[in-house]
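Colleague: Under the numbering used here, the first residue of the sequence shown carries the number 72, and numbering increases by one thereafter. Just so you know, even glycine gets a beta-carbon here, dropped at the ideal spot from N, CA and C.
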Amino acid sequence: EYIDHIQDIVAWLGWTPAKITYSSDYFHELHALAVKLIETGNAYVCHQTGDEIKASREKREPSPWRDRPKEESLKLFEDMRKGLVDEGKATLRMRQDHKNENFNMFDLIAYRIKFVPH
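Structural data, given as structure tokens:
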């Protein structure tokens, strides 16, 4: 449904994609990039709910897990990959400027847990 909607919008704009791809087709490459983000201190595993993220963004407050040690985020991210963390209980967020005028751009979610076939 989500993918169909994107295709409808692209067609409405008059574009025809040369190729349709899915992020799940590139899971290994994207996972490696995510690990690199954690290792370089540019991402962390967060346990805030969607509502908590929204509230903290509006207040311009960082996640309580933003300064979690890299090693801990790496372990938790691996647990997420292995399916050891329940859906909706953790996300990988990219560390960004929480003073940005557009608070919706603060620490965007790069990965979430979704137990669905790909």
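(1) Roughly how many angstroms separate the alpha carbons of VAL81 and LEU163, rounded to a whole number?
(2) Between the Cα of PRO140 and the Cα atoms of LYS160, PRO188, THR111 and GLY85, which residue gives the shortest distance?
(3) Using C-beta distances below 7 Å, list every residue in its chain close to MET190, excluding the 5 sequence neighbours before and after it, in chain order.
(4) Taking VAL81 as part of the alpha helix (DSSP H), name the residues at either end of that continuous run.
(5) Per DSSP, what are the beta-bridge partners of VAL116 in this structure?
(6) Do you know offhand how far ALA161's Cα is from LYS170's?
(7) I'd like to confirm the pairing. Which residues does DSSP put opposite ARG183 in its beta bridges?
(8) Consult DSSP for GLU132 and reduce its assignment to one of helix, strand or coil.
(9) How big is the Cα-Cα spacing for ILE184 and TYR93?
(10) Hey, out of GLY85, GLU149 and ASN175, whose CA is closest to GLY121's CA?
(11) Output the distance between the C-alpha atoms of MET151 and GLN167, rounded to the nearest integer angstrom.
Modeller: Looking at the coordinates:
(1) Using only the alpha carbons, I get a separation of about 28 Å.
(2) Of LYS160, PRO188, THR111 and GLY85, the residue nearest in Cα terms is THR111.
(3) The chain is shown from 72 up to 189; residue 190 falls before or after that span and cannot be answered.
(4) Bounds of the alpha helix (DSSP H) holding VAL81 are 73-83.
(5) DSSP lists LEU163 as partners of VAL116.
(6) Distance between the alpha carbons of ALA161 and LYS170: 23 Å.
(7) Answer is THR162.
(8) Secondary structure at GLU132: coil, using DSSP grouped into helix, strand and coil.
(9) Straight-line Cα distance between these residues: approximately 16 Å.
(10) GLY121 has its Cα closest to that of ASN175, out of GLY85, GLU149 and ASN175.
(11) Inter-residue distance for MET151 and GLN167 is about 22 Å (C-alpha atoms, whole angstroms).
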